Amino acid sequence: MTSAQGKAVTSTPSPVIAVEDIRKHFAVGSPIAAAMRRKSVVVKAIDGVNFTLNKGESVGLLGESGCGKTTMGRMLLKLDEPSEGRILFEGDDLATMQGPALRAYRARAQMIFQNPFEALNPRFTIAQSMDEPLSNANIAKAERADRIRKAMDLVHLPDPAQFLERYPHQMSGGQLQRVVMARALILEPTFVVADEPVSMLDVSVRAGILNLFREVRDNMGLTAIYISHDLALVRYVCERTIVMYLGCIVEDGPTEEIVKNPMHPYTKALVAAVPVPHPAQSHAPLPIKAGAPDARNPPSGCRLRDRCPHAFDRCAIEEPKATRIGARKVHCHLFD
Amino acid sequence: MPELTTARKPHALHWLTRRFARLQIPLDDPFAVTGLIIYAVFILVAIFANQLATHDPLEILYSETYELSSNLRPGEDGFILGTTSLGRDIYSQLIYGSRSALLIGITAAFMVAVIGTIVGLLSGYFGGWIDIVLMRAADIAFGIPFLPFVIVLSAFLEPSIWNVVFAMALILWRDTGRVIRSQVLTLRTRTYIDAARIAGSSDMKIVFSHIAPNILPLSFLYGSIAIGWAILTEAAISFLGFGDPETISWGYMLQDAYASQALSTGGYYWFVPPGICIILVVVAGFFISRGYEEILFPKLKD
Amino acid sequence: MSDNILCVKGLKVTYSVGTARIRAVDDATFDIPKGSIVGLVGESGCGKTTVARALTRVMAKAAGFEGGEMLFDGVDLLGLSEADMNKLRWRDIAFIPQSAMNSLDPVYTIEKQLNEVLIQRGGMNRREARARAEELFDMVGIDPRRLGDYPHQFSGGMRQRVAIALALALNPKLIIADEPVTALDVIVQRQILDTLKSLQERLGLSVILVTHDISVVAYVCDRIVVMYAGRVVESGDTETVLTQPFHPYTMGLYNAFPDLQSSEGLLTPIEGHPPDLSDPPDGCRFAPRCPFAQTPCSTQNPTLVEVGSRHVSACLRVDEAQQLREQAAQTQTWMGAI
Ligand SMILES: Nc1ncnc2c1ncn2[C@@H]1O[C@H](COP(=O)(O)OP(=O)(O)OP(=O)(O)O)[C@@H](O)[C@H]1O
Ligand SMILES: Nc1ncnc2c1ncn2[C@@H]1O[C@H](COP(=O)(O)OP(=O)(O)OP(=O)(O)O)[C@@H](O)[C@H]1O
Ligand code: SF4
Ligand SMILES: [Mg+2]
Ligand SMILES: [Mg+2]
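Protein chains in written order, with our numbering: chain D, 90 to 425; chain L, 675 to 976; chain A, 4 to 341.
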């Protein structure tokens, strides 16, 4: 099993996405305050992240609030520029994309947003919102209605015609999220980032959106990143998971392995903390110290060391590098 | 104007009404409606000035006995509001004064709203050096005292009502620009703007189809304030004697009355009507802006 | 029934919005046994917050009681004068509002906000208040030295702990917590739930925990009350309700939740959406979405019937529950229910 996966990693031609030592630092606070302190306060939202995505792979980006998941997703779609490092899409550097190349990328890389009520212009009808990507891609007018109908079919909106002239506030959250997905899929992209697409939705409709996501991803052969703080959801949609903590990757590997046998101390705590919907579950104390990660002021060395029950002196000095263990990469001094 | 819209296809009419709806004219606010009615009356007066005026406002009038018709009281010899000390018809001056007032007011408002909106949009949306340059320019404009600037400008250029418009365009965009910029800054972070970018929309398309419609009411608000400002400024300039003597305006009438000592001789019929007109138009502008504020910043309500 | 701290019977609360009357809570009946944690679950808009607020009688202006009774230690809360009710608040019944962690006043220190309750309400002097505040911070697991901090100096999880400390301030018998862990990360959520559970055991508290997440209920609650469209559709011990549900809505809710421990099965959504509460359908409110609905379901109003020991369910087909449960486990059952 290990060898099969090892082969899968080495024999792929060129990855769809390659993220190379990306950093994103935000300067916060007013410039005056910064000048007075003689040093600007910097939030290290992403601090040295590497990974690649192969064609057709779906990867969950998992981590707690503020660990940099959304920032990563935005950079992958060129909504933000990294402070350092590069992102390659099929070998092309996103930073150098402009004009026609950027327009081509926009047609191939799409995003599904967290809050469907915010993702559509409230002054546009659904038809107008659906038309926007098509007109930008210079699709002939005659063809557009057909494309819109097909995209609406794809997301199982029954009887799409009744929705087209509505405004977003006239639809339910689940319906709107389907529209947002239809809009993302209408240009037949190859790469999709979904940023917590069900966290704003009601429990009973979540499952439908998750199933839809799996279905279109499989049918269209999408390469996908699914951002979430919920391991149970990530497990449901992704075969691979990248766990982040304070702007860094701590563990990266097949989801099933991570769920069954988490290796990094943080992942261990995360897996243990997920409640399950039946009464028989462990109530053992979590193997992590309480504390709030602070991206303005991360600890030296390993970011987790102030909360980690296994931390030893080396952890304060040296940043752990990725250690490959089977199909997994773990960033922890316990393993190198 | 009306012919234009009806002549087009209903589609165009629909488009126009929709655009008009986007201005969100506050028709349910009694103050705003009063303001709009005042504007409407003055606009009609200005349009039909030729029909409404009884005389040429600059013509020096003589009676049938070839006596100068000067300093006549209202009603005397059929002059509705009497005549000036030079024998000109005050009523007709008042009527024609509305033309220049509205001409100045509307062009100045238009310039202020358009320049301010463009500056605010560019500055807020693009940020970076565009923002720095434009906002420093706004700082400079904020540093210039408005009235002295207009006077100096009029002294350098030929006296003309357009000086006021020109000066307002040069300076008063600053307020509109600042406010619209801050509005754009918040709109720019809305998720649907990111969504539009990912859908491949160009910056220009995003600015004009996603952001501009949201700030149009703000531009209109600042425009309606600028109308009052412009008329007031023109009156002040004319009153101080820097105006254009060839164009009748309410400010010019006040100055004329003042110079002829109408105030001390009880010629209230000469200076009160233009004063009331100025107040009405300025107040109308503020009434409308008040209505807008309730739409734009609903918290003011309670 | 003296072992219940609270018995709610036929509670009805209506919001008047313009001419519309939204029957947000329509005949809610459940008990809270002494010293237990009870989870109140259901999807958004089913009336959880309305029930929670009704119990404290701190409600929106538009809300009005339409009937029912709420017996707290044998006393009907609805019969109390406002002054008497006010005496009960904080001392006997404490309420942690939805997103309490964001409703701490940013301009006062935490100590000031605790003092407000301890001194104003509890009649303590400054020294006693300080001692109690330190004790409370210890209980919820925050260093008492941070009492002088402002809310923004705390993380979301710590602010939620502060909200719990506030609720515990005057040693209430019953705590009503509205979505206390909803916006929090799993690790923090777990820590908060553990704190709540241990406090409840140590102090013998009764807790009503409002949530939409049945995993949270499964983790800490002894009992569960399932609401749908303003009504209680099922309630009982957590273990029996989750393993042997009698109401199709409970079965559907269970199917819609991802489970980290189970081997992978398909999640099943419940198609459709809850009814408009200003004009609810006749009969069973769940009928339009229920795969097992039959003709009587849309006319006949199901009432809560005993289906086991301290386990009730309001479904016309409770007698066939065993068979329905088997069908409900199949995904096809739920497809095309409407
Ligand atoms: N524009 C910005 N300016 C300053 N700081 C920012 C900005 N965007 C994000 N950050 C900071 O960067 C860090 C990462 O934020 P990000 O939104 O990527 O987190 P996330 O993992 O998506 O969290 P969540 O689960 O809450 O959505 C946070 O500390 C955040 O405060
Ligand atoms: N102040 C109010 N005025 C009018 N209607 C209201 C008011 N508050 C709530 N409602 C309505 O009453 C119903 C129940 O609302 P409630 O807040 O109790 O639901 P909930 O179960 O707590 O939902 P959530 O999980 O979203 O918090 C909903 O239909 C809601 O729209
Ligand atoms: S590197 Fe050290 S501190 Fe970090 S997770 Fe591993 S053992 Fe813990
Ligand atoms: Mg995020
Ligand atoms: Mg609620």
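Glycine included, C-beta positions come from ideal geometry on N, C-alpha and C.
No experiment lies behind these values; they were computed from the predicted model shown.
Neighbour flag for residue i against chain D, beta carbons, 9 Å
| i | result |
| --- | --- |
| Ser875 (chain L) | yes |
| Asp868 (chain L) | yes |
| Lys200 (chain A) | yes |
| Met104 (chain A) | no |
| Tyr153 (chain A) | no |
Partner residues on chain L for residue i, Cβ-Cβ distance less than 8 Å
| i | result |
| --- | --- |
| Pro388 (chain D) | Simply none; closest approach about 31 Å. |
Residue nearest to residue i in terms of C-alpha spacing, selected from the options
| i | options | result |
| --- | --- | --- |
| Thr791 (chain L) | L:Phe840, L:Gln857, L:Ile769, L:His729 | L:Gln857 |
| Val143 (chain A) | A:Pro272, A:Arg92, A:Ala168 | A:Ala168 |
| Leu187 (chain A) | D:Gly155, D:Arg112, D:Cys404, D:Ile331 | D:Gly155 |
| Leu895 (chain L) | L:Ser938, L:Gly851, L:Val807, L:Ala869 | L:Gly851 |
| Lys64 (chain A) | A:Val20, A:Val78, A:Leu80, A:Gln101 | A:Val20 |
| Leu375 (chain D) | D:His367, D:Ala369, D:Phe252, D:Val363 | D:Val363 |
| Gly233 (chain A) | A:Tyr18, A:Asp30, A:Phe260 | A:Asp30 |
| Ile316 (chain D) | D:Gly297, D:Pro286, D:Asp291 | D:Pro286 |
9 Å Cβ cutoff, residue i in contact with chain A
| i | result |
| --- | --- |
| Ala240 (chain D) | no |
| His353 (chain D) | no |
| Pro249 (chain D) | no |
| Pro343 (chain D) | no |
| Leu375 (chain D) | yes |
Own chain residues within Cβ distance below 6 Å of residue i, not counting five before or after
| i | result |
| --- | --- |
| Asp240 (chain A) | Arg226 |
| Leu9 (chain A) | Ile35, Phe75 |
| Cys300 (chain A) | Gly286, Cys287, Ala290, Leu319 |
| Val881 (chain L) | Leu795, Tyr799 |
| Asp383 (chain D) | none |
| Pro919 (chain L) | none |
Amino acids of chain D, ordered along the chain, whose beta-carbon sits closer than 7 Å to that of residue i
| i | result |
| --- | --- |
| Thr865 (chain L) | Phe202, Asn204, Glu207, Ala208 |
| Thr271 (chain A) | Ala296 |
| His884 (chain L) | Asn210 |
| Thr241 (chain A) | Pro368 |
| Leu139 (chain A) | The premise fails here: Leu139 (chain A) is roughly 17 Å from chain D at the closest Cβ pair, so nothing lies under 7 Å. |
Within chain A, the residues that residue i reaches when beta carbons sit closer than 8 Å
| i | result |
| --- | --- |
| Arg267 (chain D) | What Arg267 (chain D) touches in chain A: nothing, since even the nearest Cβ is about 12 Å away. |
| Ile347 (chain D) | Within chain A, no residue comes near Ile347 (chain D); the closest Cβ sits about 11 Å away, beyond 8 Å. |
Cut-off 8 Å between Cβ atoms - residues of its own chain near residue i, not counting five sequence neighbours on either side
| i | result |
| --- | --- |
| Glu170 (chain D) | Met164, Ala184 |
| Lys96 (chain D) | Residue placement at Lys96 (chain D) is flagged as unreliable, the pLDDT there being 42, under the threshold of 50; a coordinate-derived value is accordingly withheld. |
| Ile215 (chain D) | Leu209, Phe252, Leu253, Glu254, Arg255, Tyr256, Pro257, Met260, Val268 |
| Val131 (chain D) | His114, Phe115, Ala116, Val117, Arg385 |
| Met675 (chain L) | At Met675 (chain L) the pLDDT is 37, less than 50, meaning the model places this residue with poor confidence and gives no usable figure here. |
Chain L within 9 Å of residue i, Cβ atoms only
| i | result |
| --- | --- |
| Asn225 (chain D) | yes |
| Ile106 (chain D) | no |
| Arg394 (chain D) | no |
| Ala273 (chain D) | yes |
| Leu423 (chain D) | no |
| Leu276 (chain D) | yes |
| Leu243 (chain D) | no |
| Leu168 (chain D) | yes |
Within chain L, partners of residue i - CB distance below 7 Å
| i | result |
| --- | --- |
| Glu221 (chain D) | Ala870, Ala873, Ser875 |
Interface residues of chain A facing residue i [CB-CB closer than 9 Å]
| i | result |
| --- | --- |
| Leu55 (chain D) | Chain D is shown from 90 up to 425; residue 55 (chain D) falls before or after that span and cannot be answered. |
| Ala381 (chain D) | Phe157, Ser158, Gly159, Gly160, Met161, Val191 |
Chain D contact residues for residue i, given Cβ-Cβ distances below 8 Å
| i | result |
| --- | --- |
| Pro887 (chain L) | Arg212 |
Contacts that residue i makes with chain D (C-beta to C-beta distance below 9 Å)
| i | result |
| --- | --- |
| Pro284 (chain A) | Within chain D, no residue comes near Pro284 (chain A); the closest Cβ sits about 17 Å away, beyond 9 Å. |
| Gly144 (chain A) | Ala379 |
| Thr336 (chain A) | Simply none; closest approach about 14 Å. |
Within-9 Å CB hit, residue i to chain E
| i | result |
| --- | --- |
| Ser316 (chain A) | Note that chain E does not occur in the displayed structure, where the protein chains are D, L and A. |
Neighbourhood of residue i by C-beta, 7 Å cutoff - its chain only, sequence neighbours within 5 removed
| i | result |
| --- | --- |
| Phe424 (chain D) | Met352, Thr412, Ile414 |
Determine which residues of the segment 182-203 of chain D have a Cβ less than 7 Å from any Cβ of chain L, and write them out in chain order. Arg192, Arg195, Ala196, Gln199, Met200, Phe202
Got a sec: which bits of the segment 148-166 of chain D sit with their beta carbon under 7 Å from any beta carbon on chain A, in order along the chain? Glu153, Ser154
Output, in sequence order along the chain, the residues in the segment 300-322 of chain D whose CB is closer than 8 Å to any CB in chain A. Asn300, His318, Asp319, Leu320, Ala321, Leu322
Going along the chain, which residues of the segment 49-79 of chain A sit with their C-beta nearer than 8 Å to a C-beta in chain D? none
Under 7 Å (Cβ pairs) to chain D, residues found in the segment 203-235 of chain A: His215, Ile217, Ser218, Val219, Ala221, Tyr222
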